[in-house]
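Everything on this sheet refers to the single structure shown next.
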Ligand code: HEC
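Numbering (the numbering used here), first residue to last: 11 to 204.
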C-alpha cells in the first residue's frame, strides 16, 4: 500500500512528464479563432513536419509522399466557424497547376492527380487533436461510380483509414459537379499566382 507521500510524488512526476510531452508537441494555447495569423503560422510550422512523419510512418503510399507536394492553401483554414477543425490541402505535381485554377467550368483534373488534405482540430483549450489525412486519387474510368475519384485516408498512426468512398465521401463531393467534384479551400485562403 502506497503512503500518501509516495502518491503525491507519483502525481508530481506524472504532471512533470505530461508537461514535457505537451511541450514537445505543438500547442496553440488558445482556441483557433483567437490565434493571430502569425500565431497560426508558427503553430503550423511546428505541426506540419510532425503530421508528415505521423501519416508516413508505416510507409503509406500517399502518407509518405505528400510532404514533398505543394500546398493549395496559404494557411490552415477552418471551413466551419465553430468546428475547430483545420484543413490544409496538398496536391501532387500531376494535378497542382489544374487544382489551383479552382475552376468551376466543368473541366476535369488529369488522371494521376492525388490530393491530400491534412486535418486537425484545435480544441477550445488550445490542445491539438490530429485527424486523418484525407485523400482523393483521380483514377478515371475505373472509378466511374465516384466521378473518376478514389477516396481514401491515413490515420495519424500511419495506418489505413477505412472509408466508404461512395456512400459517404462521394455522396457529399457529388455536390460539386462543375468542379470535378472538388470542394476547394475557402476563397481567401487559396494559393494565388497561377
Ligand atoms: C459533408 C461533406 C463531405 C464529406 C462527407 C467529405 N468531404 Fe471531402 N471535402 C468537402 C468539402 C466541402 C471540401 C472543400 C473544403 C474543405 O477542404 O473542407 C472537401 C475537400 C476534400 C479534399 C481536398 C480536395 C477538394 O475537394 O478540394 C479531399 C482530398 C477530401 N475532401 C477527401 C474526402 C474523403 C476521403 C472523404 C471521405 C472519408 C470526404 N472527403 C468526405 C466535403 C466533404
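Where is the CB? At the ideal position from N, CA and C, for every residue including glycine.
Q: Pull up the distance between the alpha-carbon of residue 147 and that of residue 13, whole angstroms please.
A: 59 Å
Q) Among the residues of its own chain, which have a CB less than 7 Å from the CB of residue 169, if the five just before and after it don't count? A) For residue 169, the CB contacts under 7 Å within the same chain, skipping 5 residues up- and downstream, are 68 in chain order.
Q: Using a Cβ-Cβ cut-off of 8 Å, state whether residue 85 counts as contacting chain C.
A: Considering every chain present, this structure includes no chain C. It has just one protein chain.
(Q) Tell me whether the segment 156-172 and the segment 83-101 touch, counting them as touching only if at least three CB pairs, one residue from each stretch, are closer than 8 Å. (A) no
Q. Which ranges would you report for the beta strand (DSSP E) in the segment 64-116 if only whole runs of at least 3 residues count?
A. 95-101
**Q.** Length of the line joining the Cα atoms of residue 32 and residue 127
**A.** Any answer about residue 32 is weak, because its pLDDT of 40 lies below 50 and its placement is not dependable; what the coordinates show is given next. Residue 32 and residue 127: Cα-Cα distance of roughly 24 Å.
(Q) Please state whether the Cβ-Cβ distance between residue 195 and residue 99 is less than 8 Å. (A) yes
Q.
Taking the straight line between their C-alpha atoms, what separation do you get for residue 52 and residue 135?
A. 18 Å
Q. DSSP puts residue 168 in a beta bridge; with which residues?
A. According to DSSP, which records beta bridges pairwise, residue 168 is partnered with nothing at all.
Q. By Cβ distance below 6 Å, which residues in the same chain neighbour residue 131 in space, the five residues on each side in sequence not counted?
A. 94, 95 and 139
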